[in-house]
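This note's numbering puts the first residue of the sequence shown at 32, with every later residue one more than the last. Backbone N, C-alpha and C fix where the C-beta goes; we use that ideal spot for every residue, glycine too. Computed from a predicted structure; not experimentally measured.
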Amino acid sequence: MNIKIIGNSLPNIPWQDRNKTDGLPVWRFDGNPILKRNPTKLAARVFNSAVVPWGDGFIGVFRADMNMQNPQLFLGRSDDGIKWEIEEGPICWYREDGTKSPLGNFAYDPRVIKIDDEYYIVWCCEFADMPSLGIGKTKDFKHFTRINNPFIPFNRNGVLFPKKINGNYQLLSRPSDSGHTPFGDIFISESPDMKYWGNHRLVMRSGSCLWESTKIGAGPVPIETTEGWLMIYHGVVTTCSGYVYSMGAALLDKDEPSKVLMRCKNYIFTPEEDYEVVGFVPNVAFPVAALTDADTGRIAIYYGAADTYTALAFTTVEELYEYMKENNELNHWDTDVIR
Ligand code: BMA
């Protein structure tokens, strides 16, 4: 059966043909990292960042760790998705009543999700000094409006589905703790209005496979395909010298996305290159955004490398699906609908 992406054409998707033969379905861009240290006066490291098509080019919400170390969200623009101009200061948020929303001590790991004509941004925000999820929206990337925080602390790795399912918005998240959380599973919650969230269900628990044995968390916006929702996520293993972050893939049911149809027991990508294994936090490949071209099945994944750089990797929906089929391993947590 041929799997297809359900979505728009993106003929200018950043792309490079497969450049390696190691059997894994995802390969790196030869021009990595695409954003190096100190890309602006205020930003020391830009990584874990969200990119979407915009006009004839691309726009992105970037995590920038600033010179005083605190992460904030910065806007970036690009003609080709590879060379980026990052704005000089963080995005300013306004509340729905028009008052300014303070920046807070941290804002990180944004995802940008287009639903109808609105772009939603979900990120890890400061909520009474504690990490939780923030949601905001913009139509023009000039005016940014914060809406309700969906959950009480602690939570991270939030991403919305790009459309309502069964009449409700769907939000993946990972309940966590106040520190470098040594546990974590992916849950889904739904809302009719982005204000009241409920009907919480488990999607996947951290796996029995070593590479994702400590914790997992959602990555880019789930990709709609003819076979279900393709979810690229991160999985973490604890080693003697700290956490290692790799990428995994699963396929979720089209109408009941808490049900996992396929889960790849192997990682699809793991830190190997110098810019992934050496940096502010070594051994991190953290996927945050994926551009797709429905015509060719191409997928360009933006990932943070070693909490220092922004990098690009590529696959196609067919290659990923075939690899997942060959290496599929589900457990009862994955297939039951657990509320
Ligand atoms: C997670 C998040 C990510 C980061 C990763 C590795 O908890 O903070 O932003 O990339 O740790 O440090």
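Note: residue 145 is bridge-paired with 150 in the DSSP secondary-structure output. Distances taken from the Cβ of residue 140 to the heavy atoms of the ligand BMA include one shorter than 6 Å. If you check the CB distance, residue 64 and residue 299 do not come in under 7 Å. Residues of the same chain with a CB within less than 6 Å of the CB of residue 107, apart from the 5 flanking positions on each side, are 91, 93, 115 and 117 in chain order. Secondary structure within the region 138 to 226: the beta strand (DSSP E) runs of 3 or more consecutive residues, fully enclosed, are 138 to 146, 149 to 158, 161 to 169, 175 to 177, 186 to 191, 200 to 206 and 217 to 222 (chain order). Cβ-Cβ distances below 6 Å link residue 354 to 56 in the same chain, with the five nearest sequence neighbours on each side left out; the list follows chain order.
A heavy atom of the ligand BMA is found nearer than 6 Å to the CB of residue 315. Excluding the 5 residues flanking it on each side, residue 179 has same chain C-beta neighbours closer than 8 Å at 166, 225 and 226, in chain order. Note that the C-beta distance between residue 321 and residue 334 is not below 7 Å. Relative to the ligand BMA, residue 324 has its C-beta separated by 6 Å or more from all heavy atoms. Your pair residue 36 and residue 323 checks out as a contact, with CB atoms roughly 5 Å apart and the cut at 8 Å.
Around the CB of residue 341, 16 or more other CB atoms lie within 10 Å, so the residue is classed as buried.
The continuous beta strand (DSSP E) containing residue 85 extends over residues 74 to 85. Between the alpha carbons of residue 326 and residue 86 lies a distance of about 19 Å. Take the alpha-carbon of residue 263 and the one of residue 283: they are about 11 Å apart. In this structure, residue 310 keeps its C-beta atom at 7 Å or more from the C-beta atom of residue 347. Secondary-structure assignment with DSSP links residue 359 through a beta bridge to 295.
With fewer than 16 other Cβ atoms inside 10 Å of its own Cβ, residue 149 counts as exposed. If you check the C-beta of residue 338 against the ligand BMA, you find a heavy atom less than 6 Å away. Distance check between residue 285 and each of 236, 276, 253 and 160 places 253 closest, using alpha-carbon atoms only. In this chain, residue 307 is not harboured by any beta strand (DSSP E); it is covered by the alpha helix (DSSP H) spanning 305 to 308.
One alpha carbon belongs to residue 151, the other to residue 145, and they sit about 6 Å apart. Buried is the label assigned to residue 275, since at least 16 other Cβ atoms lie within 10 Å of its Cβ.
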